[in-house]
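Report on the structure given below.
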Amino acid sequence: MTTYTAFHGRRRLASGPAADVALAVRALLETLPAADVLIFDDASGRQTDFDLTGSEAEVAARLAPPPT
Numbered sequence: 088m089t090t091y092t093a094f095h096g097r098r099r100l101a102s103g104p105a106a107d108v109a110l111a112v113r114a115l116l117e118t119l120p121a122a123d124v125l126i127f128d129d130a131s132g133r134q135t136d137f138d139l140t141g142s143e144a145e146v147a148a149r150l151a152p153p154p155t
């Protein structure tokens, strides 16, 4: 399972599966729309973006791991 870490400024906002991190970022952006947030793939260290549009359920479904 790939994990991600999101930072708001210098503070770690969330770490874990994509859906969990995305929902934490989404919640922050609802209260602070201009917040600077960076999300990193923990395995590669590369910065990544998540599509945060739609409802929480839609965001979580989009980022859920594929069924095995």
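Numbering-wise (the working numbering), the sequence shown opens with residue 88 and increments by one. Using N, Cα and C, we set each Cβ at its ideal position, and we do this for glycine too. Just so it is clear, the structure is predicted and the values come from calculations on it, not from any experiment.
- For the pair Ala-109 and Val-146, the CB atoms are nearer than the 7 Å cut-off.
- If the five residues before and after Arg-113 are omitted, its C-beta is found closer than 8 Å to the C-beta atoms of Leu-139, Glu-143 and Val-146, all from its own chain and listed in chain order.
- In this structure Thr-89 touches Asp-128 by the C-beta definition: roughly 6 Å separates them, less than 8 Å.
- Cβ contact annotation for Ile-126 (same chain, cutoff 6 Å, sequence separation greater than five): Tyr-91, Ala-93 and Thr-135, in chain order.
- Between His-95 and Ala-130, the gap from beta carbon to beta carbon reaches 7 Å or more.
- With 16 or more other CB atoms across the displayed protein chains lying within 10 angstroms of its CB, Ala-105 is buried.
- Excluding sequence positions up to five before and after Arg-133, its CB lies within less than 8 Å of the CB of Phe-127, all in the same chain and listed in chain order.
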